[in-house]
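Asker: Sharing a structure with you now.
Protein chains: 2
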Amino acid sequence: MDIRVQKTFEALFALEDIREMLRRSLPGTGPADMKSFKEQIRQTRSILDDLEAGSGNPQITKIGGTLGIRSREEEYVNIQPIQAAGRLTPEARKALIAYGDGYSTCDSCRKPFRLDKISKPPIADFHQELADFLNMDTVRVVPGARRGFQAVTSSLVKPGDQVIVSSLAHYTEFLAVEAAGGIVKEVPLDENNIITADGTAEKIESVISETGRTPALIMIDHFDYQFANEHDVEGIGKVARQYDIPFLCNGAYTVGVMPVDGKKIGADFIVGSGHKSMASPAPSGVLATTDEWADIVFRTTQMKGDLTNRKFGVKEVEMLGCTLMGSTLMAMIASFPAVKERTQNWNVEVKKSNFLIDRLLEIEGSAVLSEYPRKHALSKVDTTGSFDVVADHHKRRGFFFSDELSRKGIVGEFAGATRKWKLSTYGLSWEKVNYLADSLQEIAETHELKVNRADR
Amino acid sequence: MDIRVQKTFEALFALEDIREMLRRSLPGTGPADMKSFKEQIRQTRSILDDLEAGSGNPQITKIGGTLGIRSREEEYVNIQPIQAAGRLTPEARKALIAYGDGYSTCDSCRKPFRLDKISKPPIADFHQELADFLNMDTVRVVPGARRGFQAVTSSLVKPGDQVIVSSLAHYTEFLAVEAAGGIVKEVPLDENNIITADGTAEKIESVISETGRTPALIMIDHFDYQFANEHDVEGIGKVARQYDIPFLCNGAYTVGVMPVDGKKIGADFIVGSGHKSMASPAPSGVLATTDEWADIVFRTTQMKGDLTNRKFGVKEVEMLGCTLMGSTLMAMIASFPAVKERTQNWNVEVKKSNFLIDRLLEIEGSAVLSEYPRKHALSKVDTTGSFDVVADHHKRRGFFFSDELSRKGIVGEFAGATRKWKLSTYGLSWEKVNYLADSLQEIAETHELKVNRADR
Numbered sequence: 182m183d184i185r186v187q188k189t190f191e192a193l194f195a196l197e198d199i200r201e202m203l204r205r206s207l208p209g210t211g212p213a214d215m216k217s218f219k220e221q222i223r224q225t226r227s228i229l230d231d232l233e234a235g236s237g238n239p240q241i242t243k244i245g246g247t248l249g250i251r252s253r254e255e256e257y258v259n260i261q262p263i264q265a266a267g268r269l270t271p272e273a274r275k276a277l278i279a280y281g282d283g284y285s286t287c288d289s290c291r292k293p294f295r296l297d298k299i300s301k302p303p304i305a306d307f308h309q310e311l312a313d314f315l316n317m318d319t320v321r322v323v324p325g326a327r328r329g330f331q332a333v334t335s336s337l338v339k340p341g342d343q344v345i346v347s348s349l350a351h352y353t354e355f356l357a358v359e360a361a362g363g364i365v366k367e368v369p370l371d372e373n374n375i376i377t378a379d380g381t382a383e384k385i386e387s388v389i390s391e392t393g394r395t396p397a398l399i400m401i402d403h404f405d406y407q408f409a410n411e412h413d414v415e416g417i418g419k420v421a422r423q424y425d426i427p428f429l430c431n432g433a434y435t436v437g438v439m440p441v442d443g444k445k446i447g448a449d450f451i452v453g454s455g456h457k458s459m460a461s462p463a464p465s466g467v468l469a470t471t472d473e474w475a476d477i478v479f480r481t482t483q484m485k486g487d488l489t490n491r492k493f494g495v496k497e498v499e500m501l502g503c504t505l506m507g508s509t510l511m512a513m514i515a516s517f518p519a520v521k522e523r524t525q526n527w528n529v530e531v532k533k534s535n536f537l538i539d540r541l542l543e544i545e546g547s548a549v550l551s552e553y554p555r556k557h558a559l560s561k562v563d564t565t566g567s568f569d570v571v572a573d574h575h576k577r578r579g580f581f582f583s584d585e586l587s588r589k590g591i592v593g594e595f596a597g598a599t600r601k602w603k604l605s606t607y608g609l610s611w612e613k614v615n616y617l618a619d620s621l622q623e624i625a626e627t628h629e630l631k632v633n634r635a636d637r
Numbered sequence: 182m183d184i185r186v187q188k189t190f191e192a193l194f195a196l197e198d199i200r201e202m203l204r205r206s207l208p209g210t211g212p213a214d215m216k217s218f219k220e221q222i223r224q225t226r227s228i229l230d231d232l233e234a235g236s237g238n239p240q241i242t243k244i245g246g247t248l249g250i251r252s253r254e255e256e257y258v259n260i261q262p263i264q265a266a267g268r269l270t271p272e273a274r275k276a277l278i279a280y281g282d283g284y285s286t287c288d289s290c291r292k293p294f295r296l297d298k299i300s301k302p303p304i305a306d307f308h309q310e311l312a313d314f315l316n317m318d319t320v321r322v323v324p325g326a327r328r329g330f331q332a333v334t335s336s337l338v339k340p341g342d343q344v345i346v347s348s349l350a351h352y353t354e355f356l357a358v359e360a361a362g363g364i365v366k367e368v369p370l371d372e373n374n375i376i377t378a379d380g381t382a383e384k385i386e387s388v389i390s391e392t393g394r395t396p397a398l399i400m401i402d403h404f405d406y407q408f409a410n411e412h413d414v415e416g417i418g419k420v421a422r423q424y425d426i427p428f429l430c431n432g433a434y435t436v437g438v439m440p441v442d443g444k445k446i447g448a449d450f451i452v453g454s455g456h457k458s459m460a461s462p463a464p465s466g467v468l469a470t471t472d473e474w475a476d477i478v479f480r481t482t483q484m485k486g487d488l489t490n491r492k493f494g495v496k497e498v499e500m501l502g503c504t505l506m507g508s509t510l511m512a513m514i515a516s517f518p519a520v521k522e523r524t525q526n527w528n529v530e531v532k533k534s535n536f537l538i539d540r541l542l543e544i545e546g547s548a549v550l551s552e553y554p555r556k557h558a559l560s561k562v563d564t565t566g567s568f569d570v571v572a573d574h575h576k577r578r579g580f581f582f583s584d585e586l587s588r589k590g591i592v593g594e595f596a597g598a599t600r601k602w603k604l605s606t607y608g609l610s611w612e613k614v615n616y617l618a619d620s621l622q623e624i625a626e627t628h629e630l631k632v633n634r635a636d637r
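Protein chains in written order, with our numbering: chain A, 182 to 637; chain R, 182 to 637.
Printed below as a string of structure tokens:
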């Protein structure tokens, strides 16, 4: 590990040990063992000296004896397709530090005892801001987008019901339908790998003519996980209203990176992922809905103890009461101002994405499988005609490419893959995007692939 | 805030800002702006000076402009009943720092692409160790104990099915049954507020005679959340086998603090809570089961796309695929060695609990509502005859007690409550337990309550 990165972690860990001394002392007395305390501060200073000079040897290699220190974001340009927009902001990391303890959100929980009602820390405010941000009426935070899908299918889909999904639907949508006993019916892609309003309407018609009933739910991805193509969610929203079918728009790849307007889309539900697109720790996500559906999906418990007559008032069945207690939610809140701001700069992220793809396409034999020009930072590319030609007769086969990237400090491609693979430029500075583009072209040239550089 | 605590947080935050500089730099180049980097290190050193001297002024009061810095564990003796055993270990806090980014666990995810199969970091090993720890065959981590209940009820309980629960069942058990369409049937408490095997058998008989069918599931708390009384889970395990009804033992208050042996209990399912009892961030928990039930509760998806014929192989329906990606799981793993060790010292925690309760009982008019002697660190006490007598004619009413505790650096009681309330001594050092006991007696004497000190 780069010694400065190593020493930064060591300094952070040394301070956690100092913090533990404070935790063990009696109130108001200061550290019980002032000598050890001062010694620990002395050590921290010495780590800072190494950090500044970029010198010294690693002192800590494993956390708790088992976990290596993860330095992927500090040491590399990370192009991993699903990690980019979940990378924490510094504020989120500070919130994790301050609120890590299990029930840290619950210090001031008062009647009616529900997470989204807590005002200190400002969790209730955050819920309102998040609803406004999505232009929806009500939101709840959930442990991952998948738990948002589950709450909706569990509320609306009965065994045997059919649910319209995309031919590019994420597996968690399949599972959420399956858990409710429903059956998925896929809308075909058009010739450009897009889910259209017409395609959706036709699929609805085919379900109606087959079963005599309208589908119970439409669940379509705003941008899909395979190509990150944009699908016609506004058109599909209109179709959904025409057929009076509730519409869940899966914003796992959009909520938190680009503006998403639930009302404009005409969605009954918007689902987002915290760890995928909202600079938040896992598992986190958001389920937003309208006043029309809130009482159904966020219905409160009606169960009553037969002996004790106990009822649990405002607790919501599908949320199982409170959802994201502790640091997961606090980090989500801490990132939120930056997340709101970054969605306003989405056009810049799209520019970076197209810049990189254009430079990749200059490497002869390369292609882009996602819609082009790109409308998203995540892209699927095909280098069967370029890097894979090298892999064909390289002794490391496809791993030559990972080796080369790694040598340049680039990680996140799927190791060994040189045919169809995905990458994301999300959140990388222009400097890093340039570096990445140059690196890809240099690797190509090193292996005698032709690069048709455009004049720039 | 105590200035040393304040400065510890400021130093941690300053280092996160340094870390961010490293994150923004190109691979292998070091900080792009060496001047700012050195300036930030200089500032960190200056914070350390203040930390050592216990001097200086607070520079940061809000994270991200909105979240106060939580210092409850650093500045106070925290007796909050549900927070005690979820308090993070230093190793867990270090894991949160290193693995905070959304999908940090997924760097080396390979076929078959499932969280519990990942070997680097050692997630697969952790699953096996956790199963061994509980003496069960298979475990999965889940976002909170409640999600473990839900997976079981969703798999075993059909609409209209009856489920045996305790008269002290946690509300999340009610909700999990309700979500599956089942109906709770409560076992009565005996005269000591204990759920017995006989009581459970009688309730089963009454369900059978009422409905003609055996209940679908028995779900009983090992120790309950109201009194933290121990219930006869081994006896209930035998009854469950006699009637051939699956038995879920809710170990939210035991798994991670005391030894729990699933086979000895005769449980088909053991559920534990990470943020309640395993020194882990929220939301986290564990669902353990036997080979007999694993294929049912952890069944893999059978859903197939009607157009694409896509199937998602090993993904488990009730888990919705992967569960605790990222820092939540990493912190759980980092705490695990300490958690295993501390369960072996449970008798010491029980001793502290009894010591504190005995000292409280010396305050005339006080009583303990939980079983006594205590078998758990969490207790429900009744101070209607002591502190509430003071509250009766104090201008701050019940808040006088919170004020007094707070003045002594003790927090976690329910503010304003002086009648029946709960506290936990879990994880407090003997020094802190003594301090707490002395403080309670001093507050009593200050307000002219009689304290019958035993000879010690």
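We treat Cβ as the ideally placed atom computed from N, Cα and C, and that holds for glycine.
Remember, predicted model here, so these are calculated numbers, not experimental data.
#1: Could you list which residues in chain A have their beta carbon closer than 7 angstroms to that of T225 (chain R), in chain order?
#2: Between the segment 454 to 463 of chain A and the segment 327 to 344 of chain R, do three or more beta carbon pairs fall short of 8 angstroms?
#3: In this structure, how does DSSP classify E543 (chain R) when only helix, strand and coil are distinguished?
#4: For a test of the three-state rule: what should DSSP assign to S252 (chain A), helix, strand or coil?
#5: Is there a Cβ of chain A sitting closer than 7 angstroms to that of G546 (chain R), yes or no?
#6: Can you give me the start and stop residues for the beta strand (DSSP E) that G579 (chain R) sits inside?
#7: In whole angstroms, what separates the C-alpha of R251 (chain R) from that of I278 (chain A)?
#8: Just how far apart, CA to CA, sit F408 (chain R) and D539 (chain R)?
#9: M506 (chain R) and L269 (chain R) look like a contact to me (Cβ under 8 angstroms); what is the Cβ gap, rounded to whole Å?
#10: Where do the N-terminal and C-terminal ends of the beta strand (DSSP E) with I299 (chain A) fall, by residue?
#11: Give me the chain R residues within the contact set of T392 (chain A), using Cβ-Cβ distance strictly less than 8 angstroms, ordered along the chain.
#12: Taking S583 (chain R) as the query, report the chain A residues whose CB atoms sit under 8 angstroms from its CB, ordered along the chain.
#13: Tell me which same chain residues have a C-beta within less than 7 angstroms of the C-beta of K384 (chain A), skipping the five on either side of it?
#14: With contact counted as at least three CB pairs below 8 angstroms, one residue from each stretch, are the segment 484 to 500 of chain R and the segment 346 to 357 of chain A in contact?
#15: Taking CB distances under 7 angstroms as the criterion, tell me whether S336 (chain R) reaches chain A.
#16: Does the beta-carbon distance from V452 (chain A) to N431 (chain A) come in below 7 angstroms?
#17: CB-CB under 8 angstroms to D569 (chain A), same chain, minus the five flanking residues each way: which ones, in chain order?
#18: Going along the chain, which residues of its own chain have a beta-carbon closer than 6 angstroms to the beta-carbon of G325 (chain A), five neighbours each way excluded?
#19: Against K631 (chain R), what residues of chain A qualify as contacts under a CB-to-CB distance less than 9 angstroms, listed in chain order?
#20: Whose Cβ in chain A lies nearer than 8 angstroms to the Cβ of R205 (chain R)?
#21: Would you mind giving the Cβ-Cβ distance between P518 (chain R) and G245 (chain A), rounded to the nearest angstrom? I have them listed as a contact below 8 angstroms.
#22: Please report the distance separating the alpha-carbon of P340 (chain A) from that of Q483 (chain R).
#23: Starting from E367 (chain R), trace the alpha helix (DSSP H) in both directions and tell me its first and last residue.
#24: Verify whether the separation of the beta carbon atoms of A273 (chain A) and S508 (chain A) is less than 7 angstroms.
#25: Give the residues of chain R in contact with S640 (chain A), contact being defined as C-beta atoms less than 9 angstroms apart.
#26: If you follow the alpha helix (DSSP H) that L315 (chain A) is part of, which residue opens it and which one closes it?
#27: When the cut-off is 7 angstroms and only beta carbons count, does R251 (chain R) lie next to chain A?
#28: Does the pairing of the segment 251 to 261 of chain R with the segment 604 to 620 of chain R give three or more beta-carbon distances under 8 angstroms?
#29: Just grab the DSSP bridge partners of E145 (chain A) for me.
#30: Based on DSSP bridge pairs, tell me the residues matched to L559 (chain R).
#31: Considering only C-alpha positions, which residue in the set R:V438, R:P303, R:T564 is nearest to R523 (chain R)?
#32: Please state whether the Cβ-Cβ distance between I426 (chain A) and I446 (chain A) is less than 7 angstroms.
#33: DSSP three-state label for V478 (chain A), please.
#34: Whole angstroms are fine: how far does the CA of A475 (chain A) sit from the CA of V338 (chain R)?
#35: Measuring CA to CA, which of A:A572, A:K532, A:S551, A:K556 is closest to V562 (chain A)?
#36: Please state whether DSSP places I446 (chain R) in a helix, a strand or coil.
Answerer: Taking the coordinates as given:
#1: L229
#2: no
#3: coil
#4: coil
#5: no
#6: No beta strand (DSSP E) contains G579 (chain R), which DSSP labels as neither H nor E.
#7: 9 angstroms
#8: 16 angstroms
#9: Actually they do not touch by this definition, with Cβ atoms about 19 angstroms apart.
#10: Segment: none, I299 (chain A) is in no beta strand (DSSP E) and carries neither H nor E.
#11: Neighbours of T392 (chain A) on chain R: none; closest Cβ ~12 angstroms, over 8 angstroms.
#12: Under the 8 angstroms cutoff, chain A gives no residues; its nearest Cβ is about 12 angstroms from S583 (chain R).
#13: I345, K366, V368
#14: yes
#15: no
#16: yes
#17: G579, T599, R600
#18: P464, G466
#19: Neighbours of K631 (chain R) on chain A: none; closest Cβ ~26 angstroms, over 9 angstroms.
#20: S610
#21: 6 angstroms
#22: 15 angstroms
#23: Not the alpha helix (DSSP H): E367 (chain R) falls in the beta strand (DSSP E), residues 364 to 368.
#24: no
#25: Because chain A here runs from 182 to 637, residue 640 (chain A) falls outside it and cannot be looked at.
#26: 304 to 315
#27: yes
#28: yes
#29: Nothing about residue 145 (chain A) can be reported from this structure: the residues present for chain A run from 182 to 637 only.
#30: R:S605
#31: R:V438
#32: no
#33: helix
#34: 26 angstroms
#35: A:S551
#36: helix
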